[in-house]
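Taken in order, the sequence shown gives residues 142 to 404; the numbers are from my numbering. Where is the CB? At the ideal position from N, CA and C, for every residue including glycine. Below: one structure, written as structure tokens.
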Amino acid sequence: MKSYEEYIEEFNEALLNLLEIAPDISSINELKDENEQLEFIKAFRQLLRTKNILDVFSDFKWSDLLMKEQSFEEYKSKYLDMKPKSTKEKVSILDDVDFELELIQRDDINVSYILTLLGNYKDSNDEQKKKQKENITNLLNNNVSLRSKRELIEKFINENLMQVKDDENISEEFEKFWEDEKEKAYETLCKDEDLDCVKVRAVVDKYIYEQRKPLKDEVAKTLNVKPKLLEKRKIVPRVLDKIVNFVDKFYDDMDTGINSSRI
């Protein structure tokens, strides 16, 4: 991963390229044809990519850029306006353009995005590693869908990442790590609460498929020992919370990018 200063320079270079095509907001409306619009789309998309990387840095501030935030938002609005509306027939060359709308929504940062950052982190020197780890941690803390996975991702960084020989294998090694941790957590859940493993699997699978929290009666049926009524009122909600937390951490119900195959 490049330094913060290098990404600032990259953003400003992309900005100059954009301004050659569209010097100001009003000039975007004057683009003569779809070919010129396409050049604008490509130029702004590059600017957007770099801006999203800068967002990862804890010390990022707009005053370091040659572009004001309000101007960026105005250009972004024009960029989104150019996305063709759905039609039955293909009538525009812009139909084939990947607008990468996921770049617009920061909530769409997922585990795959984090893995890309980890590849850059691994190849950095000690000083850069410290800074980049701080940036990754901030990203995990600030992203709702990744918060429940923070502990596991940090564990992978601390215990496994530097042992991966080839950067291209980081994703594969992370997948193995994730599956191992998931199996351990599953076994711990069943052991600690004395649950029927097969029935718990069925409850989890149904939860993932239907995107609906299990009913208390469904959870009660996973207990190996039928508790008394007063005990049941305490045990069932506790087990339900553990199942929900397990799914939140290990499955992709919130677009985390993790494979949601069976346990």
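* In chain order, each alpha helix (DSSP H) run of at least 4 residues that lies wholly inside the region 158-188 -> 166-169
* Below 8 angstroms between beta carbons: does that hold for K263 and M303? -> By 1-based counting over the sequence shown, the position of residue 263 is 122. By 1-based counting over the sequence shown, the position of residue 303 is 162. Yes; because the gap between Cβ atoms is below 8 angstroms, this pair is in contact.
* Where L364 sits in the DSSP three-state scheme -> Here residue 364 is taken as the residue at index 223 of the sequence shown, counted from 1. The answer is strand: DSSP assigns L364 an E or B state.
* Is the CB-CB distance between F198 and Y254 below 8 angstroms? -> As a working mapping, residue 198 is identified with position 57 in the sequence shown. As a working mapping, residue 254 is identified with position 113 in the sequence shown. For F198 and Y254, no; Cβs fall outside 8 angstroms.
* Please classify K296: is it buried, with 16 or more other beta-carbons within 10 angstroms of its beta-carbon, or exposed? => Counting from 1 along the sequence shown, the entry for residue 296 is found at position 155. K296 should be labelled exposed.
* **Assigned secondary structure, L281 (DSSP; H/G/I helix, E/B strand, else coil)** => Residue mapping note: residue 281 aligns to position 140 of the sequence shown, counting from 1. Three-state DSSP puts L281 in a helix.
* First and last residue of the alpha helix (DSSP H) that includes L330? -> Here residue 330 refers to the residue found at position 189 when the sequence shown is read from its first residue. That run of the alpha helix (DSSP H) goes I311 to E334.
* To do: With a threshold of 16 other CB atoms inside 10 Å of the CB of L287, please say whether the residue is buried or exposed.
  => On the sequence shown, residue 287 is found 146 positions in, with the first residue counted as 1. L287 should be labelled buried.
* Express the C-alpha separation of Q187 and P175 in angstroms, rounding to a whole number. => Taking the sequence shown and counting its residues from 1, the one referred to as residue 175 is at position 34. Taking the sequence shown and counting its residues from 1, the one referred to as residue 187 is at position 46. For the record, residue 175 in the displayed sequence is Glu; it is not Pro. Straight-line Cα distance between these residues: approximately 18 angstroms.
* Asked: What do you reckon, are the CB atoms on D335 and L370 nearer than 8 angstroms?
  -> What you label residue 335 is simply residue 194 of the sequence shown in a count that begins at 1. What you label residue 370 is simply residue 229 of the sequence shown in a count that begins at 1. Their beta carbons are not under 8 angstroms apart, which means D335 does not touch L370 by this criterion.
* V388 and I349: beta carbons closer than 8 angstroms? -> The residue you call residue 388 lines up with position 247 of the sequence shown. The residue you call residue 349 lines up with position 208 of the sequence shown. Cβ distance < 8 angstroms, so V388 and I349 count as in contact.
* Among the residues of its own chain, which have a CB less than 7 angstroms from the CB of W203, if the five just before and after it don't count? -> Reading the sequence shown from its first residue, position 62 is the one you call residue 203. Taken in chain order, the residues that qualify are K209 and E210.
* Within the same chain, show all residues whose beta-carbon is closer than 6 angstroms to that of I149, passing over the 5 residues directly before and after it, in chain order. => Along the sequence shown, one-based indexing puts residue 149 at 8. The residues are D205.
* What is the DSSP secondary structure of N301, reduced to helix, strand or coil? -> Here residue 301 is taken as the residue at index 160 of the sequence shown, counted from 1. Here N301 sits in coil by DSSP.
* Asked: Less than 8 angstroms separating the beta-carbons of I298 and V305?
  -> The residue given as residue 298 occupies position 157 in the sequence shown. The residue given as residue 305 occupies position 164 in the sequence shown. No; because the gap between Cβ atoms is not below 8 angstroms, this pair is not in contact.
* Asked: Once you ignore the five residues that flank K323 on each side, which residues in its own chain have a CB closer than 6 angstroms to its CB?
  -> Walking along the sequence shown from the start, residue 323 turns up at place 182. Cβ within range, chain order: F391.
* To do: Compare the C-alpha of K183 against each of S168, D200 and L156 and name the closest.
  => Indexing the sequence shown from 1 puts residue 183 at position 42. Per the Cα distances, L156.
* Just confirm the distance between the C-beta atoms of F185 and L172, as a whole number of angstroms; I'd bet it's less than 8 angstroms. => To locate residue 185, count along the sequence shown from 1; it is residue 44. To locate residue 172, count along the sequence shown from 1; it is residue 31. In fact, because the Cβ distance is near 12 angstroms, the residues do not count as touching under 8 angstroms.
* Asked: Mind checking whether F201 and L207 have CB atoms under 8 angstroms apart?
  -> In the sequence shown, residue 201 corresponds to position 60, counting from 1. In the sequence shown, residue 207 corresponds to position 66, counting from 1. Cβ atoms of F201 and L207: not closer than 8 angstroms.
* Kindly indicate which three-state DSSP category P421 falls into: helix, strand or coil? => Residue 421 is absent from the model: the chain starts at 142 and stops at 404.
* Whether V345 touches V360 by CB criterion (8 angstroms) -> Locating residue 345 in the sequence shown gives position 204, counting from the first residue. Locating residue 360 in the sequence shown gives position 219, counting from the first residue. Against a cut-off of 8 angstroms, the Cβ pair of V360 and V345 comes out as no contact.
* **Proximity to S168 [Cα-Cα], best of L281, N282, E215 and L330** => Within the sequence shown, the letter at position 27 stands for residue 168. Answer by Cα proximity: E215.
* Asked: In the structure shown, what three-state DSSP assignment does D337 receive?
  -> Translated into the one-based positions of the sequence shown, residue 337 becomes position 196. Residue state, collapsed to three classes: coil.
* Asked: Among C331, N170 and E147, which has the Cα closest to the Cα of Y220?
  -> Counting from one through the sequence shown, the residue named residue 220 turns up at place 79. Here the closest residue by C-alpha is N170.
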